[in-house]
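The sequence shown runs contiguously to residue 196 in the working numbering. We treat Cβ as the ideally placed atom computed from N, Cα and C, and that holds for glycine. The structure under discussion appears below in the form of structure tokens.
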Amino acid sequence: MDDTQARERVARVDSLLEELETLPDPLARQTATEVVEALLDLYGEGLARLVGFVAEHDDGALAEALAGDELVGHLLLLHGLHPMPLAARVQQALDGVRPYLDSHGGDVELLGVDEGVVRLRLEGSCSGCPSSAVTLKHAIEDAIHKAAPDVERIEADGAVEPPVGVPLPIVCEIPGVRAG
Numbered sequence: 017m018d019d020t021q022a023r024e025r026v027a028r029v030d031s032l033l034e035e036l037e038t039l040p041d042p043l044a045r046q047t048a049t050e051v052v053e054a055l056l057d058l059y060g061e062g063l064a065r066l067v068g069f070v071a072e073h074d075d076g077a078l079a080e081a082l083a084g085d086e087l088v089g090h091l092l093l094l095h096g097l098h099p100m101p102l103a104a105r106v107q108q109a110l111d112g113v114r115p116y117l118d119s120h121g122g123d124v125e126l127l128g129v130d131e132g133v134v135r136l137r138l139e140g141s142c143s144g145c146p147s148s149a150v151t152l153k154h155a156i157e158d159a160i161h162k163a164a165p166d167v168e169r170i171e172a173d174g175a176v177e178p179p180v181g182v183p184l185p186i187v188c189e190i191p192g193v194r195a196g
């Protein structure tokens, strides 16, 4: 199963769980919910044992590879077993998106991560540019949420929301490039 198929399966599971909540028979709803909880507990315990075995017999490479897999990493997060701290996963995501930001004359600095809230500072040509909000949304947020879906909110100094109702596209000045 590839990542796309796994995402589709997760969406299907979410849909089925929502349907459970609408079952008209309270006993059926309670029984189905208990079955799901028992399965999650069982699989969580199995994963915990697996992670323990890996930790005992691995130099860290296998744990890193497992945690880096999108599906496995999400399962580890779900069960509180991810070996990499949230701040480290966010930093890794920012390091991955940095070349893209650099190509637009910008950069991003991680100011901190506290209780699921990531604080960033946009720097360079992207800072203060109306396109910063778009850059943040599409590149930085996507990278962070992929690496750390447990992030609840992202706050960025230097991000400026584009004005509403402006009919012409807004373009940031890129060093070395002249318009017209």
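Proximity to LEU33 [Cα-Cα], best of THR20, ARG45, ALA22: ARG45
Rounded straight-line distance, which links the Cα of GLU80 to that of GLN21: 22 Å
Spatial neighbours of LEU91 in its chain, beta-carbon cut-off 6 Å, leaving aside the 5 residues before and after: none
Contacting residues, own chain, Cβ-Cβ under 6 Å from GLY62 (five flanking each side not counted): none
Distance CB(ASP166)-CB(GLY140) smaller than 7 Å: no
Buried/exposed call for HIS98, threshold 16 Cβ in 10 Å: buried
Buried/exposed call for ALA104, threshold 16 Cβ in 10 Å: exposed
From ARG114, ALA54, LEU136, residue whose alpha carbon lies closest to that of ASP173: LEU136
Residue burial classification, ALA77 (beta-carbon count within 10 angstroms, cutoff 16): exposed
Classification of GLU35 by the beta-carbon crowding that lies within 10 angstroms, buried from 16 upward: exposed
Host beta strand (DSSP E) of ALA172 (start-end): 169-173
Nonlocal neighbours in the same chain, by C-beta distance under 7 Å from HIS161, ignoring five residues either side: VAL167
Buried or exposed (CB count within 10 angstroms, at least 16 for buried), ALA110: A small correction: the amino acid at residue 110 is Leu; Ala does not occupy that position in the sequence shown. When all chains shown are included, LEU110 counts as buried.
Inter-residue spacing [alpha-carbon to alpha-carbon] between ALA164 and ARG28: 22 Å
Proximal residues to GLN108 (C-beta, below 7 Å), its chain only, five neighbours per side dropped: ALA163
Whole alpha helix (DSSP H) elements within the stretch 84-118, 4-residue minimum: 86-94
Contact check, VAL106 vs VAL129, beta carbons under 7 Å: yes
C-beta contact flag for ILE156 and VAL113 at 7 Å: yes
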